[in-house]
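What follows is a single structure, written as structure tokens, with notes after it.
Residue numbers (this note's numbering): 907 to 1274.
Okay, here's the thing in structure tokens:
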């Protein structure tokens, strides 16, 4: 029975996810909690980081008495929702708080949440984006459309809803989807007063969003609309994948081949994966080879004056508006065609495992 703020914090687990990020972010999240008097257990869910990162995470978590769990999803699409589900499945408390590894607490929200437990099942806080110099006075509000920075929820409510949607791959909208489903099942998130804030640490953007397939937007929206119609999901428990479950990791690690086994390789030049004859050649290769390497080429083709691209776009922006013209970076869409059109077919035809390099330039396929 929860009769105090301390009871609430004792029966609450703060879950954050990580993949190939500097370990300092674990420490700063932990320190911001403790400086604000938050004593809840913290759990870090590692969603397939490289082994050198994982060793750092495990060491710092042991030092700070943080729970560390890992699933071997290296080389598979990032899914924050799936990663959170994995972490939440390891928690044993009556309340769960999901947050981001880049977040910093600025106060103790559990003091207010405790006083309002009887009225609400779900609580959230407005997040603010810090600039590069970490000046809080210049931080920009993320608004009140989603609860990605902080979501405190009864474990029973979360389980009844069916967790985050694991079908939302790469990143974006898993928090919007969950928020919408909570509302549609009578669990409107309660926004804490404005004095309770969280700050999101600045970090470089991942190539302006090009390190994910363009089709991820459509796939995500499809799931979002589907879930709006049927907000309660039936999702299996997220089990940790072991190295035994990922046989391809015996041959590929950190985006490079290891060991002596060599794959059959096939390469595609810039934006040619939609060439049906070349793709049929790839399919035939997959039928006769158990280990295949597909080189898709550079994701963003480098140009001599590429560093001036953003400046140029700003200069010609008025002309683009006046003429209805759009100027885009020269993106190689080979991976998009592979991911949306071919990978699902191969998966349905007995593909054992696959590995997508972080820059989306190479894919390894394994049949055993």
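Note that the Cβ used here is the ideal one computed from N, Cα and C, for glycine as well. Since the structure is predicted, the reported quantities are computational estimates derived from the model, not experimental observations.
Under DSSP, residue 915 forms no beta bridge with any residue. Of the residues 951, 1256, 961, 992, the one whose Cα lies closest to the Cα of residue 1142 is 992.
If you draw a straight line from the Cα of residue 942 to the Cα of residue 1081, it is about 25 Å long. Within a 10 Å sphere around the beta-carbon of residue 1009 sit 16 or more other beta-carbons, which makes this residue buried.
Comparing C-alpha distances from residue 939 to each of 910, 1011, 1023 shows the shortest one belongs to 1011. Shown here, residue 1033 sits in a strand according to DSSP, grouped into three states.
In this structure, the straight-line span from the alpha carbon of residue 1248 to that of residue 1069 is close to 29 Å. For residue 1129, the enclosing alpha helix (DSSP H) has its first and last residue at 1121-1135. Three or more beta-carbon pairs drawn from the segment 1192-1205 and the segment 1237-1253 are found closer than 8 Å, and the two stretches are therefore classed as touching.
When rounded, the separation of the alpha-carbon atoms in residue 1050 and residue 1091 is 19 Å. A distance below 7 Å between beta-carbons, with the five flanking residues on each side excluded, links residue 1116 to the following residues of its chain, in chain order: 1205, 1206, 1237. Cα atoms of residue 1004 and residue 980: separation of roughly 22 Å, rounded to the nearest angstrom. In this structure, DSSP gives residue 1198 an extended state, which the three-state scheme calls strand. For residue 1097, the closest alpha carbon among the candidates 927, 1015, 916, 958 is that of 1015. Within the DSSP secondary-structure output, residue 947 pairs in a beta bridge with 919. When DSSP states are grouped into helix, strand and coil, residue 1138 belongs to the coil group. Around the beta-carbon of residue 1157, 16 or more other beta-carbon atoms lie within 10 Å, marking it buried.
A contact between stretches requires three or more CB pairs, one per stretch, nearer than 8 Å, and the segment 1164-1172 fails this requirement with the segment 958-965.
The beta carbon of residue 1074 is closer than 7 Å to those of 985, 987, 1080, 1083, 1126, 1129 in its chain, skipping five residues each way along the sequence. Each residue's CA atom was taken as its position, placing residue 1038 and residue 1044 some 10 Å apart. Partner residues in the beta bridge of residue 977, as assigned by DSSP, are 953.
Contact between the segment 945-961 and the segment 916-931 is present: 3 or more CB-CB pairs across the two stretches fall below 8 Å. Residue 1094 and residue 1067 have their C-alpha atoms spaced approximately 13 Å apart.
Unbroken alpha helix (DSSP H) runs of no fewer than 4 residues, entirely contained in the segment 1016-1098, are found at 1016-1021, 1061-1067, 1080-1090, following chain order. The beta carbon of residue 1264 sits closer than 8 Å to those of 926, 1117, 1161, all from its chain and outside the five residues before and after it, given in chain order.
By the CB criterion at 7 Å, residue 1033 and residue 1109 fall outside the cutoff. Using a 10 angstroms sphere on the CB of residue 1154, the tally of other CB atoms reaches 16 or more, which defines it as buried. In this structure, the straight-line span from the alpha carbon of residue 1245 to that of residue 1191 is close to 17 Å. Here DSSP, grouped into helix, strand and coil, assigns residue 1010 to strand.
Look at residue 934 here: in three-state DSSP terms it is helix. No Cβ-Cβ contact shorter than 7 Å links residue 960 with residue 915.
Annotation: the continuous beta strand (DSSP E) that includes residue 1171 extends over 1170-1173. If you draw a straight line from the Cα of residue 974 to the Cα of residue 1065, it comes to about 22 Å. Across the structure, residue 1035 and residue 934 are spaced so that their CA atoms are roughly 16 Å apart. In the structure shown, residue 1147 falls within a coil segment according to DSSP collapsed to helix, strand and coil. The continuous stretches of alpha helix (DSSP H) do not include residue 1269, which lies in the beta strand (DSSP E) extending over residues 1268-1272.
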